[in-house]
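Asker: Let me begin by handing over the structure; questions about it come next.
In mature numbering (1 follows the signal peptide of the UniProt record, and there is no 0), the protein residues as written are -21 to -1, 1 to 557.
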């Protein structure tokens, strides 16, 4: 009996030690980002820009810093608070960093014209003035199409369109799911006539001058009047042919005459782009979507690099170019939201990080962002939005890799890219998010993907057996070129080159470049401690295209038998233009 008790005691102790060991050795699948913490609006005053130093230095983690002279682009906007309806006030934001912050105001046509022919825009004007009084500009979105939204006793109350449209015989669009909006048909003559009248009445107010931007959408199954016409977003050319869609856009042009740049659409359409209208998408949380995409100029070249065609409509016309990066509340990791991004919030900071960089790779001018899971990134994003090669204070490349399904790519291809048999089997290797700084393999400068990060879910565009990303590239020597149009590489400029690397080899990280006088080498000792760090080197007199093999500069390990692993390179103008 005594022996049995001893055995039970030992078993319990062993089990306890096992459980304790398991709890202490739980793997962190996303170790290079903060743990999940969702910041609410009231906590935004705790966010500060990352510190900029004026000398060579190294830090642990990523470096999003800018010198103090850098200011946000006048073409940039960051949506930090959204009010649906007119009752709620916009909050004052005591922000500790530079940003062009806007509030987003969603209102119902039903509230503007509750009785046919009787318009009341004064509550909108009052709310805009209230927002302005607490330091917030406004982006306006008038919701026009749903008779009812969702299911339940409040479905009809939640609708956006005036109910008197029923009395005019306006038909309803069919629903594919009970959860979908029940929408009036925008093409019905009576709906169309009164919609145009609404937009005309808006022109008689001062609202177009008061707002920073205004949204024009269409009937959609989901909340928000998504899209721009009866065809899907991938069929913009079809929407271009629809007469009532064109007439709606004509009405918005007349209302915003001389201010067409303020108007942005819920989907791409050339007719709108030609007027100077922009576009807002809304699912950058699935950060590999829109590849390829003709309107954004997104495509993968034959060597697997994700490129941007600056002759694409959105970029060519210098339009409002918006994204939404908002689904970070913990409810998105629940059954109520179908575990859209996984069953835990563990991966959310990584998704926020990657989605934010993708929005910048797409050259966005506007983003509606929430949660702010990596607080130091928000001031960085605020400085990056709305930039072009002519005014960007930095250039960068994030050396990441994902694998896109070849059939998905082919379905959306607009450049007739050849797809190899290997790509058909294994997916199209899609390399780098780039902003005017380019890493390219060449003989002697071959790289391979490094540092694998798993996806918590399957994304529809990702190769079935490759639900992961790589966030770095590894090689003996890695070559880089700055876009020749950037004035930051002028020999008179001082530059800060920030290299985010994994310290997983012995030796020294070396930055090699040339000036008119000689070849320079900057060095950072490697400790082989497995950590991720960012080293900053200040350089003068960079001579472009004159490093070995025509690169602007090279990163290598001083030990020719050891590789170097690099995640991101960012080059910042260290001094203001004279």
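The C-beta atom is built at its ideal place from N, Cα and C for all residues, glycine as well. Just so you know, these numbers come straight off a predicted model, no measurement behind them.
Are the beta-carbon atoms of residue 122 and residue 85 separated by less than 8 Å?
Answerer: yes
Asker: Is the beta carbon of residue 476 closer than 8 Å to that of residue 516?
Answerer: yes
Asker: Spell out the partners DSSP gives residue 309 in its beta bridges.
Answerer: None; residue 309 has no bridge partner.
Asker: State the Cα-Cα distance for the pair residue 350 and residue 362, rounded to the nearest angstrom.
Answerer: 18 Å
Asker: Kindly confirm or deny that the segment 416 to 432 and the segment 491 to 502 touch, where touching means at least three C-beta pairs closer than 8 Å.
Answerer: Because the criterion of three Cβ pairs below 8 Å is not met, the segment 416 to 432 and the segment 491 to 502 do not touch.
Asker: Pick helix, strand or coil for residue 104, following the three-state DSSP scheme.
Answerer: helix
Asker: Can you find at least 3 beta carbon pairs, one from the segment 262 to 271 and one from the segment 221 to 236, that sit closer than 8 Å?
Answerer: no
Asker: Determine the DSSP secondary structure at residue 22, reduced to helix, strand or coil.
Answerer: helix
Asker: What do you get for residue 555, buried or exposed, if any count of 16 or more other CB atoms within 10 angstroms of its CB means buried?
Answerer: exposed
Asker: Please state if the CB of residue 460 and the CB of residue 414 are separated by a distance shorter than 8 Å.
Answerer: Taking 8 Å as the Cβ cut-off, residue 414 and residue 460 do not qualify as a contacting pair.
Asker: Shortest alpha-carbon distance to residue 33 belongs to which of 44, 39, 177?
Answerer: 44
Asker: Can you give me the C-alpha to C-alpha distance between residue 298 and residue 264, rounded to a whole angstrom?
Answerer: 22 Å
Asker: Does the pairing of the segment 192 to 200 with the segment 108 to 120 give three or more beta-carbon distances under 8 Å?
Answerer: Result yes; three or more Cβ-Cβ pairs closer than 8 Å.
Asker: Between the segment 251 to 265 and the segment 359 to 378, do at least 3 Cβ pairs fall closer than 8 Å?
Answerer: No, the segment 251 to 265 does not touch the segment 359 to 378.
Asker: Here's a check: name, in chain order, each residue in its chain whose Cβ is nearer than 6 Å to the Cβ of residue 58, leaving out the five neighbours to either side.
Answerer: 81, 83, 347
Asker: Measuring alpha carbon to alpha carbon, tell me which residue in 96, 60, 200, 61 is nearest residue 126.
Answerer: 200
Asker: Buried or exposed for residue 167, going by 16 or more other Cβ atoms inside 10 Å?
Answerer: Residue 167 comes out buried.
Asker: Start and end of the alpha helix (DSSP H) containing residue 218?
Answerer: 215 to 218
Asker: Does the Cβ of residue -1 have 16 or more other Cβ atoms within 10 Å, making it buried, or fewer, making it exposed?
Answerer: Confidence at residue -1 is low in this model, with a pLDDT of 35, below 50, so its placement is unreliable and the value that follows should be read with caution. That one is exposed.
Asker: For my contact list, residue 328 and residue 9 are in at a C-beta cut-off of 8 Å; report their separation, rounded to the angstrom.
Answerer: 6 Å
Asker: On a Cα-Cα basis, can you pick out the residue from 410, 39, 391, 525 that is closest to residue 479?
Answerer: For residue 479, the nearest C-alpha among the options comes from 39.
Asker: From residue 557 to residue 551, what does the alpha carbon distance come to, in whole angstroms?
Answerer: 16 Å
Asker: How long is the line joining the alpha carbons of residue 154 and residue 71, rounded to whole angstroms?
Answerer: Going by the C-alpha atoms only, they are around 40 Å apart.
Asker: By DSSP, does residue 171 sit in helix, in strand, or in coil?
Answerer: helix
Asker: Output the distance between the C-alpha atoms of residue 392 and residue 371, rounded to the nearest integer angstrom.
Answerer: 29 Å
Asker: Between the segment 516 to 527 and the segment 333 to 343, are three or more C-beta pairs nearer than 8 Å?
Answerer: no
Asker: Can you give me the C-alpha to C-alpha distance between residue 530 and residue 462, rounded to a whole angstrom?
Answerer: 11 Å
Asker: Using the three-state DSSP reduction, which class does residue 473 fall into: helix, strand or coil?
Answerer: Residue 473 falls in the strand class under three-state DSSP.
Asker: Which class does residue 558 belong to by DSSP, given the choice of helix, strand or coil?
Answerer: Since the first residue of the chain shown is -21 and the last is 557, residue 558 is not available in this structure.
Asker: Using the Cα positions of residue 292 and residue 97, report the straight-line distance between them to the nearest angstrom.
Answerer: 39 Å
Asker: What residues are listed by DSSP as bridge partners for residue 535?
Answerer: 456, 489
Asker: Have a look at residue 441 and residue 321 and give me their C-alpha separation to the nearest angstrom.
Answerer: 16 Å
Asker: Kindly indicate which residue of 223, 325, 464 has the alpha-carbon position closest to the one of residue 568.
Answerer: With the chain running from -21 to 557 in the structure shown, residue 568 is simply not present.
Asker: Can you give the Cα-Cα distance for residue 382 and residue 405, rounded to whole angstroms?
Answerer: Approximately 8 Å, taken between the alpha carbons.
Asker: What ranges does the alpha helix (DSSP H) occupy inside the segment 87 to 142, keeping only unbroken runs of at least 4 residues that lie completely in it?
Answerer: 88 to 91, 101 to 112
Asker: In the segment 308 to 366, which residue ranges form an unbroken beta strand (DSSP E) of at least 3 residues, counting only runs that do not cross its ends?
Answerer: 345 to 348
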